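What follows is a short report on a single structure.
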Amino acid sequence: MTRAAPDVEEVLSERALSQWAQAISYVAGHYRVACSPGSIQANAPWFRGKSRTTALTQLARQAGLSFHAPDIDKTAFSQWRLPLVVELRDGLLLVIEHVNGEDAVDVFVIEEEGQRNRLTLSELLPEILYVAALRPLSALKDSRVDRYISRFKPDWMRELVLQDIRPYLPVMVAAFLINVLSLAGIVFSMQVYDRVIPAQSYPTLYVLSFGVLVAVLFGFLLREARTHIMDVLGKRADMRISDRVFGHALRLRNSAIPRSTGSFISQLRELEQIREMITSSTLATIVDLPFFFLFMIVLAIIAPPLAWIAPVAALLMILPGVALQKKLAVLANQAAHEATLRNAVLVESVQGLEDIKLMQAENRFLQQWNSYIRITGESGLRTRKLTQGLVSWGMSVQSLVYAAVIMFGAPMVIEGSMTTGAVVAASMLGSRMIAPMANLCGVLARWQQVKAAKMGLDNIMQLPTETQHDDSLIHRDILHGHYLFENAQFRYHNDDQRIPLRLVRLEIMPGERIAILGRNGAGKSTLLQAMAGGLEMIQGDARLDNLSLSHIDMADLRRNIGFLSQNARLFFGTLRENLTLGAPHANDEQIFDALEVSGGAVFVRRLAKGLDHPIMEGGNGLSGGQRQSLLLARMLLRSPNIVLLDEPSASLDEHTEREFIQRLNQWLGNRTLVVATHRVPILELVERVVVLKEGQLVMDAPKAQALNADRMQSHRREWKNENQSA
1 MTRAAPDVEE VLSERALSQW AQAISYVAGH YRVACSPGSI QANAPWFRGK
51 SRTTALTQLA RQAGLSFHAP DIDKTAFSQW RLPLVVELRD GLLLVIEHVN
101 GEDAVDVFVI EEEGQRNRLT LSELLPEILY VAALRPLSAL KDSRVDRYIS
151 RFKPDWMREL VLQDIRPYLP VMVAAFLINV LSLAGIVFSM QVYDRVIPAQ
201 SYPTLYVLSF GVLVAVLFGF LLREARTHIM DVLGKRADMR ISDRVFGHAL
251 RLRNSAIPRS TGSFISQLRE LEQIREMITS STLATIVDLP FFFLFMIVLA
301 IIAPPLAWIA PVAALLMILP GVALQKKLAV LANQAAHEAT LRNAVLVESV
351 QGLEDIKLMQ AENRFLQQWN SYIRITGESG LRTRKLTQGL VSWGMSVQSL
401 VYAAVIMFGA PMVIEGSMTT GAVVAASMLG SRMIAPMANL CGVLARWQQV
451 KAAKMGLDNI MQLPTETQHD DSLIHRDILH GHYLFENAQF RYHNDDQRIP
501 LRLVRLEIMP GERIAILGRN GAGKSTLLQA MAGGLEMIQG DARLDNLSLS
551 HIDMADLRRN IGFLSQNARL FFGTLRENLT LGAPHANDEQ IFDALEVSGG
601 AVFVRRLAKG LDHPIMEGGN GLSGGQRQSL LLARMLLRSP NIVLLDEPSA
651 SLDEHTEREF IQRLNQWLGN RTLVVATHRV PILELVERVV VLKEGQLVMD
701 APKAQALNAD RMQSHRREWK NENQSA
């Protein structure tokens, strides 16, 4: 028997990753699991350099499949275990679909066009290098696999936190042993006062002391182990929650993204409140609560007349916290709202710091900031007053428990109905059993803040993603750019009253080169965004290659469409990392080819570190023309079939613009080009002109006819002005 996975795992090459992505998509289709082959294929290059198991596990999970590497053995290829994906020694991938007889198997060959074949298992087995078993993660038919786009559930966070429920069993066992061992000191005190001291028995004292020492030592070790396990579980839960929330935020539909960046960030930062809540100290408090009743039974056995004190004290500790929950909820929601506004001002100020200085508007923003800080501080002061009051009340009641047991127990000792040891043990046990309740007071004090944080995260998780859970999408590997808009209306946000784009009819054929002209605010950028699938259509029909634009998988759309908007930006990292964001497999030669077309190769070669030159956030430190050249190169590097450009040469000088137009003209070939511009030289690239006015199509004509019409209108305006002057 041969193991499928070697001791030192192989790192998959780019070609192998691409083939495995095809195989995984094929197996997902076999099980009728809805997934995006385009998305899996696009994500595959990002696992270059990862171990085989890590890469295949993650790719399979994105397709809604589990991954397992069984042994390479003839028994593994029984009919009930199929399909299996096998990798041959020459690197070829096969999907074994069916066992035909004792030795024959039907296979699907993973290639660009794919083909089926029948092979003998005895001949195939020696050539197999690796076997992968892929199975659906969910038993539900056609269940959407991407957890980031799953339908919102009110208990989504609880599912993530309790996903590791099994490791909590040893935590509960450890908690039970810790609490039982904590009784050793109480029993020790009782025995010493009642038996050792009256009998003056030193050997008994030494034996009992040794027993307590052992109990304390084991209790310490168990506490450390329990804390470590709960820290690990809390970390896992925190990572799962953060991954789910941020992954969902990255996949939000453009129309659903909150308009205020600062408030959006503030909502995401609510994760900190959740993180604090699932720490080991909070979990330890919850785990220790059930043992209050265990101690209550022990107390009733040791000192029955004093057993009522601890439960009464527990009620006195908890009732104020429960009674103040409504007021704490109001304060927590108010604090969350004010923190959101404060964060919005902070982000806006940092992003526009240069403009604030140039306008000498520092005082305005400082006053606004101080106003929010004052309001937030007052709200925080009221909240802290209540929470600290609850915590202090709990500590006070905890201290009184000890005194109450002594006070009520002393007369019983005097009367002889109870021993001194029993009273001392009862006082110690009462303080011990009330300790989790004191911690619970702290949890109740913070509970509404956590609920407010959870509400903020729920608001994000309820926002629609680009691909919804129950969407049935169409997958197309290649899109050519045949657009057809009929009575189509688009808007940016769900709450927009104004419709920025209305198209009665607009058709663009594959390979056409079109310029979109119009005054500022005419709808040029809006049309490009609609063509890229980034806007919500509220009425009409929008088609691409005879398919409804909203039904095409976004991964396929973005792989085939290169859209450079006016708001495109560079990110912190190296120049190479920025250029290869959408093409992680690109080599240096391909990068410089794209830079040559965009006009950025000259200044990149002059940089001391070349492609490793550090880029600051937003491309700070680069000129506008340099940023635009890099952004153009980043888009060109993806080699899309459909090119959408929004003012591509607005920041380029005339010389660079001419060179860019010449090189882009050669690079375009048969690609579809739609460019919005105010620059006359860009019109050299196009053969047709579309003119927009107030979001509506007012002209659609060949370039020569459109330019002649524009000249005629200019002459008419000049003649009219001359007559009015005369």
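First residue of the sequence shown: 1, per full-length UniProt numbering; consecutive thereafter. In this text, a Cβ means the ideal position worked out from N, Cα and C, and glycines have one as well. Here the structure is a predicted model, which means the values were calculated and not measured.
With a cut-off of 8 Å on Cβ pairs, the stretch 224 to 236 is not in contact with the stretch 299 to 312, counting fewer than three such pairs. If you draw a straight line from the Cα of Asp495 to the Cα of Val391, it is about 44 Å long. Membership of Gln696 in the beta strand (DSSP E) is indicated by the continuous run Gln696 to Pro702.
In the pairwise beta carbon analysis, the stretch 637 to 646 is classified as touching the stretch 573 to 591: at least three pairs are separated by under 8 Å. Non-local beta-carbon contacts of His30 in its own chain, meaning distances under 7 Å to residues more than five positions away in sequence, involve Pro83 in chain order. When Cβ pairs closer than 8 Å are counted between the two stretches, the stretch 542 to 556 is seen not to touch the stretch 651 to 662, the count staying below three. Cβ-Cβ distances below 8 Å link Arg671 to Gly481, Gly511, Pro640, Asn641, Ile642 and Val643 in the same chain, with the five nearest sequence neighbours on each side left out; the list follows chain order.
Note on geometry: alpha-carbon atoms of Leu160 and Leu17 lie some 30 Å from one another. Asn567 sits exposed, since fewer than 16 C-beta atoms from the chains shown fall within 10 Å of its C-beta. Leaving aside the five residues that flank Met395 on each side, the residues in its chain whose CB is nearer than 7 Å to its CB run, in chain order, Ala438. For the pair of segments examined, the stretch 627 to 636 was found not to touch the stretch 679 to 694: the number of CB pairs separated by less than 8 Å stays below three. Under the 10 Å beta carbon count, Pro702 is surrounded by fewer than 16 other beta carbons and is classified as exposed. Each residue's CA atom was taken as its position, placing Ser565 and Ser525 some 7 Å apart.
Buried is the label assigned to Pro436, since at least 16 other Cβ atoms lie within 10 Å of its Cβ.
For the stretch 587 to 651, the full-length beta strand (DSSP E) segments reaching 3 residues or more read 642 to 646 along the chain. Under the criterion of beta carbons closer than 8 Å, Met296 and Met433 qualify as touching, at roughly 7 Å.
Residues of the same chain with a CB within less than 8 Å of the CB of Gln368, apart from the 5 flanking positions on each side, are Val345 in chain order. The beta carbons of Leu673 and Ile478 sit about 17 Å from each other, so the pair does not count as a contact at 8 Å. Here DSSP, grouped into helix, strand and coil, assigns Pro510 to coil. Distance between Gly380 and Ile274, taken at the CA atoms: about 18 Å.
Your pair Leu233 and Arg135 does not check out as a contact, with CB atoms roughly 27 Å apart and the cut at 8 Å. A distance below 7 Å separates the beta carbons of Gly219 and Ile178. Residue pairing by DSSP places Gly573 opposite Ile615 in a beta bridge.
Secondary structure note for His337: its alpha helix (DSSP H) is the uninterrupted segment Gln325 to Gln351. Bounds of any alpha helix (DSSP H) do not take in Ser66; it lies within the beta strand (DSSP E) bounded by Leu65 to His68. From the listed residues Ser598, Arg688, His585 and Lys609, the smallest Cα separation to Phe47 is found for His585. For Gly211, the closest of Ala184, Ile460 and Leu328 by C-alpha to C-alpha distance is Ala184. Here the stretch 410 to 420 does not lie against the stretch 352 to 371, with fewer than 3 beta-carbon pairs under 8 Å apart. Note on Leu575: 16 or more other CB atoms within 10 angstroms of its CB, so buried under the neighbour-count rule. About 6 Å separates the Cβ atoms of Leu632 and Pro648, confirming a contact at the 8 Å cut-off.
Per DSSP, the continuous beta strand (DSSP E) segment holding Gln489 begins and ends at Tyr483 to Arg491. Proximity of the stretch 445 to 454 to the stretch 400 to 417 falls short of the contact definition, fewer than three beta-carbon pairs being nearer than 8 Å. Excluding five sequence positions before and after Thr204, the CB atoms of its chain that fall closer than 6 Å to its own CB belong to Val196, given in chain order. Boundaries of the alpha helix (DSSP H) harbouring Leu527: Lys524 to Met531, taken from the DSSP string.
Assignment of Val107 by DSSP, reduced to helix, strand and coil, places it in the strand class. Counting of Cβ neighbours within 10 angstroms places Ala174 among the buried residues, the total reaching 16 or more.
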